[in-house]
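Novice: Okay, handing you the structure first.
Protein chains: 2
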Amino acid sequence: MTERPEDPRRPTIREVARLADVSHQTVSRYLRSREGLKPQTLARIDAAVSELDYRPNLVARYLNTRRTGRLAIVMPELVASNPTRILSGATEAAHEAGYSLELVSFGGGIDARTERLLELADSGQVEGILTLAPIAPSAQGRLGNGAAIVVSADFDDEMRSVGELIDAAPVRDMIERLSGLGHRRFYHVAGDLKYASARARKDAYLEAVDRLGVESAGVFEGDWTARSGFDAMRALPHGALPTAVIAGNDMVAVGVMRWASEHGLEIPRDLSVTGWDDTEFGRFLTPALTSVELDLEGVGRNGMVRLVKAVTGRDLAPSPGPVSRLLWRESTARRDQTPRRLG
Amino acid sequence: MTERPEDPRRPTIREVARLADVSHQTVSRYLRSREGLKPQTLARIDAAVSELDYRPNLVARYLNTRRTGRLAIVMPELVASNPTRILSGATEAAHEAGYSLELVSFGGGIDARTERLLELADSGQVEGILTLAPIAPSAQGRLGNGAAIVVSADFDDEMRSVGELIDAAPVRDMIERLSGLGHRRFYHVAGDLKYASARARKDAYLEAVDRLGVESAGVFEGDWTARSGFDAMRALPHGALPTAVIAGNDMVAVGVMRWASEHGLEIPRDLSVTGWDDTEFGRFLTPALTSVELDLEGVGRNGMVRLVKAVTGRDLAPSPGPVSRLLWRESTARRDQTPRRLG
DNA sequence: GACACAATAGTGACCGGTCACTATGTTGAA
DNA sequence: TTCAACATAGTGACCGGTCACTATTGTGTC
Chain B
1 MTERPEDPRR PTIREVARLA DVSHQTVSRY LRSREGLKPQ TLARIDAAVS ELDYRPNLVA
61 RYLNTRRTGR LAIVMPELVA SNPTRILSGA TEAAHEAGYS LELVSFGGGI DARTERLLEL
121 ADSGQVEGIL TLAPIAPSAQ GRLGNGAAIV VSADFDDEMR SVGELIDAAP VRDMIERLSG
181 LGHRRFYHVA GDLKYASARA RKDAYLEAVD RLGVESAGVF EGDWTARSGF DAMRALPHGA
241 LPTAVIAGND MVAVGVMRWA SEHGLEIPRD LSVTGWDDTE FGRFLTPALT SVELDLEGVG
301 RNGMVRLVKA VTGRDLAPSP GPVSRLLWRE STARRDQTPR RLG
Chain X
1 MTERPEDPRR PTIREVARLA DVSHQTVSRY LRSREGLKPQ TLARIDAAVS ELDYRPNLVA
61 RYLNTRRTGR LAIVMPELVA SNPTRILSGA TEAAHEAGYS LELVSFGGGI DARTERLLEL
121 ADSGQVEGIL TLAPIAPSAQ GRLGNGAAIV VSADFDDEMR SVGELIDAAP VRDMIERLSG
181 LGHRRFYHVA GDLKYASARA RKDAYLEAVD RLGVESAGVF EGDWTARSGF DAMRALPHGA
241 LPTAVIAGND MVAVGVMRWA SEHGLEIPRD LSVTGWDDTE FGRFLTPALT SVELDLEGVG
301 RNGMVRLVKA VTGRDLAPSP GPVSRLLWRE STARRDQTPR RLG
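And the structure:
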């Protein structure tokens, strides 16, 4: 319908060459690396470039080099946690490395996602893929000659992985401290166990509970949602209440807290609850949620740093600073001495 | 470091042509539209294509057509609300239209963002841009010959806009109903007024308050964060408490609720609070938050539909169904008859 | 001054598609 | 039968860069 304006064609390398009175190849050399040119020639090209406001056509360049200058990032379709900060860190790093980042969001289950991801890798459209969603292990043998693939938020012994979301050390710290506060019976509402981070937290939970010789009311296989936190509590056998719940993230913790309030349990007097992600709503909840602050931009950046390394061999500066920090707030406290039961 | 595997070059149009025993041009025709070919020729090419697993090289195609097949989506750097669902709807629609979607996240203020956005539009890299972040009105005259730009989450009389996030009708419904429940003094904690949605809700608030002849404790200019909800309450002159707070979104409402609980006010007995976005945490809060459910995938999709229309003139099917729905929950109730004051 | 050699610069083909134009085959009316 | 007119297919250039190779200039040494 709307006619595009007529041919706003950008100047080409040959026009620059003509203006600078050199050959197109000299301009090409100038573009790739300014070495091997006489200062005088260089200056002439400099002038021509800025006069014409020349910018190289990356698409044309690709035809020879096979380098598209594009990476892709795959988002899980449904996410309880907010991937914005991860995306933000990832785009920044990608741009820093001179890449543009294509956003892909694959519906369907893990298998459909894996299939489409491999197709994308094989399409030649992108040089590498960072996926925030888990993919099927079956993919591992099929990476052959396509783009490099880095999986964040999940890992697999055979595949490259970021591994940072996976650091579950704070879970151990939580349980140690809570045990020191008199808690003897714990419960873990895990996130979606297709995610390595969820598996790592679960393992850390089991390890700590075992090591400290405290009781566990079990591990509930949730999916990062508040609903799953609520359901996890409901699934608990009557009379077998824990005094501390380690929730997979803040959202899950909200569900746990809701269940508690519906059953007349007061937090933290009757039940201590911990979250993960240090979300803003968690900080402003009543009681404010004990949680783990994550450097999510750093996670995104580091995933991208790995991908860039895999694709180009080039080392980008990773995110400085620690990835996680445990923040004690009002939702955790010394265990109440008088045992309660459901109202 | 890692050597890329040697030349996994995909088959070209000429190889397909050779195998099908036609000219490359015939294959090219076949690719663009399968019309004007003898059924027999078509079948031969079909066979060759599938035998070679041929897929066209979109980059090469661009060189002639100037169509990159790429659109960009600009994310605000910091967002209180979760844009995931919008992104998801937008990518789906973009892919449906045969476009890939590039993710861009510009730091800096609105002016820096606008500058970089215009640069991107001018780069020829993308055919269109959908921005979820507001851009400066000054940009409007400068769209000249670059990519089409559609602004979601904001609008400007001169610029195309999605307009759907902007529908603030539920604000009117909220105030009407609350007024029917006996509320006479309202307060509005607006979102970032650089966003059209925030402005629209504010206008709807002022209009409804005025029309119904109820009192307003004012409008606080927040920024979509829980912190701003908390601060808004703190900024209220002592003794001038409203009985109902219309918060810009659920996150803001959480901040309001936190302040209330710190000051011994019980919700909804002493204060009714409404949110916006129907977040999962809002549903599981105690009390559960009255909020507005949004079809965010639909918002993303419709933004993209507009962009595709602007770029190609083609009409993609917009999202069906209504965009928002008001959900009454526990955080709103009949106004308590015995007036309270801060504890 | 002559020569080898390095430092610079230029020429033309090519990447994988599309475009403009031409060539051939087919059909139907005169 | 002939020829116009249409349907179908082919030829070669071109998009804007890079690559491989060749040509020219400059420098140092004998």
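Just so you know, the sequences run in chain order B and X. Per the UniProt record's numbering, residue 1 is the first one in the first sequence, and the count goes up by one each step. Per the UniProt record's numbering, residue 1 is the first one in the second sequence, and the count goes up by one each step. We put the beta carbon where it would ideally sit given N, CA and C, even for glycine.
#1: Could you please tell me which residues of the UniProt domain "HTH lacI-type" (11-65) of chain B, in chain order, have their CB closer than 9 Å to any CB of chain X?
#2: What are the complete beta strand (DSSP E) segments, minimum 3 residues, inside the stretch 63-145 of chain B?
#3: Against chain X, which members of the stretch 114-128 of chain B pass a CB distance test of less than 8 Å?
#4: Do you know whose CA, among B:R32, B:G36, B:D53, B:K38, lies nearest B:E15's CA?
#5: List the residues of chain X whose Cβ lies closer than 9 Å to the Cβ of B:R258, in chain order.
#6: Around the C-beta of X:P287, are 16 or more other C-beta atoms found within 10 angstroms, so that it is buried, or is it exposed?
#7: Select from X:D122, X:L181, X:E215 the residue whose C-alpha is nearest the C-alpha of X:P242.
#8: Are the CB atoms of X:T290 and X:W328 within a distance shorter than 8 Å?
#9: Please work out which residues of its chain come closer than 6 Å, Cβ to Cβ, to B:A208, disregarding the five sequence neighbours upstream and downstream, and give them in chain order.
#10: Should B:L327 be flagged as near chain X, meaning a C-beta pair shorter than 8 Å?
#11: Is there at least one Cβ from chain B nearer than 8 Å to X:S291's Cβ?
#12: Ignoring anything shorter than 4 residues or poking outside the stretch 208-249 of chain B, list the alpha helix (DSSP H) runs there in chain order.
#13: To the nearest angstrom, report how far apart X:V59 and B:I13 are at their CA atoms.
#14: Report the residue from B:V219, B:R10, B:L181, B:A112 whose alpha carbon sits nearest the alpha carbon of B:R55.
#15: Could you tell me the boundaries of the beta strand (DSSP E) in which X:V16 lies?
#16: Going by beta-carbon coordinates alone, are B:A198 and B:A190 separated by less than 8 Å?
#17: May I ask you to list, following chain order, the residues of the stretch 224-251 of chain B that have a beta carbon less than 9 Å from some beta carbon of chain X?
#18: Can you tell me which of the three DSSP states B:D46 falls into?
#19: Closer than 8 Å, CB to CB, is B:E330 near chain X or not?
#20: Residues of chain B with CB under 8 Å from X:I73, in chain order?
#21: Are the beta-carbon atoms belonging to X:V150 and X:L120 less than 8 Å from one another?
#22: Where does B:Y54 sit, in a helix, a strand or coil, going by DSSP?
#23: Measure the Cβ-Cβ separation of X:F222 and X:A232 and say whether it is below 8 Å.
#24: Would you kindly report the start and end of the unbroken alpha helix (DSSP H) that includes residue 344 of chain X?
#25: State the Cα-Cα distance for the pair X:S50 and X:Q40, rounded to the nearest angstrom.
#26: Alpha carbon to alpha carbon, what distance is there between X:T225 and X:L132?
#27: Any contact of the stretch 68-78 of chain B with the stretch 266-281 of chain B, i.e. 3+ C-beta pairs under 8 Å?
#28: Would you grab the beta carbon distance between X:H188 and X:I246 for me? Rounded to a whole angstrom, and I think it's under 8 Å.
#29: Determine the DSSP secondary structure at X:A148, reduced to helix, strand or coil.
#30: Among B:R314, B:K309, B:E297, whose alpha-carbon lies nearest the alpha-carbon of B:G321?
#31: Who are the Cβ neighbours of X:L193 in its own chain at under 8 Å, not counting the five residues just before and after it?
#32: Please decide whether X:P83 counts as near chain B, where near means a Cβ-Cβ distance under 8 Å.
#33: Excluding the five sequence neighbours on either side, which residues of its own chain have a C-beta within less than 7 Å of the C-beta of X:L178, listed in chain order?
#34: Could you tell me which of X:A93, X:G218, X:G300, X:G109 sits nearest to X:R314, measuring between CA atoms?
#35: Could you give the distance in angstroms between the alpha-carbon of B:V162 and the alpha-carbon of X:G98?
#36: Please check the pair B:T91 and X:S28, which I expect to be a contact at CB under 8 Å, by giving their CB distance rounded to whole angstroms.
Specialist: Result, derived from the coordinates:
#1: R55, N57, L58, V59, A60, Y62, L63
#2: 70-75, 100-105, 128-131
#3: S123, G124, Q125
#4: For the purposes of this step, residue 15 of chain B is identified with residue 15 of the first sequence, where counting begins at 1. Here the closest residue by C-alpha is B:D53.
#5: On the first sequence, position 258 is the one that residue 258 of chain B refers to. By Cβ distance, chain X contributes R283, F284, L285, T286, A288.
#6: For the purposes of this step, residue 287 of chain X is taken as the residue at position 287 of the second sequence. Classification for X:P287: buried.
#7: In the second sequence, counting from the first residue as 1, residue 242 of chain X sits at position 242. Checked all of X:D122, X:L181, X:E215; the closest Cα to X:P242 is X:E215.
#8: Taking the first residue of the second sequence as position 1, residue 328 of chain X is located at position 328. Taking the first residue of the second sequence as position 1, residue 290 of chain X is located at position 290. Yes; because the gap between Cβ atoms is below 8 Å, this pair is in contact.
#9: Here the question's residue 208 of chain B lines up with position 208 in the first sequence. The residues are R172, I175.
#10: The residue labelled residue 327 of chain B in the question sits at position 327 within the first sequence. It does not; no Cβ of chain X falls within 8 Å.
#11: Residue mapping note: residue 291 of chain X aligns to position 291 of the second sequence, counting from 1. With 8 Å as the cut-off, X:S291 does not count as an interface residue toward chain B.
#12: 226-234
#13: In the second sequence, counting from the first residue as 1, residue 59 of chain X sits at position 59. In the first sequence, counting from the first residue as 1, residue 13 of chain B sits at position 13. Near 19 Å, if we compare the C-alpha coordinates of B:I13 and X:V59.
#14: For the purposes of this step, residue 55 of chain B is identified with residue 55 of the first sequence, where counting begins at 1. When each option's Cα is compared against that of B:R55, the closest is B:R10.
#15: Here residue 16 of chain X is taken as the residue at index 16 of the second sequence, counted from 1. No beta strand (DSSP E) holds X:V16; the alpha helix (DSSP H) holding it covers 13-20.
#16: Numbered from 1 along the first sequence, position 198 holds the residue referred to as residue 198 of chain B. Numbered from 1 along the first sequence, position 190 holds the residue referred to as residue 190 of chain B. Going by C-beta atoms, B:A198 is nearer than 8 Å to B:A190.
#17: T225, A226, R227, G229, F230, D250, M251
#18: Position 46 of the first sequence holds residue 46 of chain B. Helix, per DSSP.
#19: Translated into positions along the first sequence, residue 330 of chain B becomes position 330. Output row for B:E330: interface = no.
#20: Reading the second sequence from its first residue, position 73 is the one you call residue 73 of chain X. Within chain B, the residues near X:I73 are L103.
#21: Numbered from its first residue, the second sequence carries residue 150 of chain X at position 150. Numbered from its first residue, the second sequence carries residue 120 of chain X at position 120. The answer is no: Cβ separation not under 8 Å.
#22: In the first sequence, counting from the first residue as 1, residue 54 of chain B sits at position 54. Coil.
#23: Working through the second sequence from its first residue, we reach residue 222 of chain X at position 222. Working through the second sequence from its first residue, we reach residue 232 of chain X at position 232. In the sequence as displayed, the identity of residue 222 of chain X is Gly instead of Phe. Yes.
#24: Residue 344 of chain X falls outside the range modelled here, since chain X spans only 1 to 343, and no answer is possible.
#25: Indexing the second sequence from 1 puts residue 50 of chain X at position 50. Indexing the second sequence from 1 puts residue 40 of chain X at position 40. So the two alpha carbons sit approximately 16 Å from each other.
#26: Your numbering for residue 132 of chain X matches position 132 in the second sequence. Your numbering for residue 225 of chain X matches position 225 in the second sequence. Whole-angstrom Cα-Cα distance: 17 Å.
#27: no
#28: To locate residue 188 of chain X, count along the second sequence from 1; it is residue 188. To locate residue 246 of chain X, count along the second sequence from 1; it is residue 246. That belief holds up - the Cβ atoms of X:H188 and X:I246 are roughly 5 Å apart, short of 8 Å.
#29: Taking the second sequence and counting its residues from 1, the one referred to as residue 148 of chain X is at position 148. It is a strand residue.
#30: The count along the first sequence starts at 1 and reaches residue 321 of chain B at position 321. For B:G321, the nearest C-alpha among the options comes from B:E297.
#31: Working through the second sequence from its first residue, we reach residue 193 of chain X at position 193. The residues are R199, K202, E221.
#32: By one-based count along the second sequence, residue 83 of chain X stands at place 83. Chain B, which has a Cβ nearer than 8 Å to the Cβ of X:P83, makes this yes.
#33: For the purposes of this step, residue 178 of chain X is taken as residue 178 along the second sequence, with counting starting at 1. A244, S272, T332, listed in sequence order.
#34: On the second sequence, position 314 is the one that residue 314 of chain X refers to. If we check each option's Cα against that of X:R314, X:A93 comes out closest.
#35: The count along the first sequence starts at 1 and reaches residue 162 of chain B at position 162. The count along the second sequence starts at 1 and reaches residue 98 of chain X at position 98. Confidence is the limiting factor: at B:V162 the pLDDT is only 44, short of 50, which leaves the residue's position unreliable, though a coordinate-based value still follows. Between B:V162 and X:G98, the C-alpha separation is close to 31 Å.
#36: Counted from its first residue, the first sequence places residue 91 of chain B at position 91. Counted from its first residue, the second sequence places residue 28 of chain X at position 28. With 8 Å as the limit, B:T91 and X:S28 do not qualify as a contact, their Cβ atoms being about 35 Å apart.
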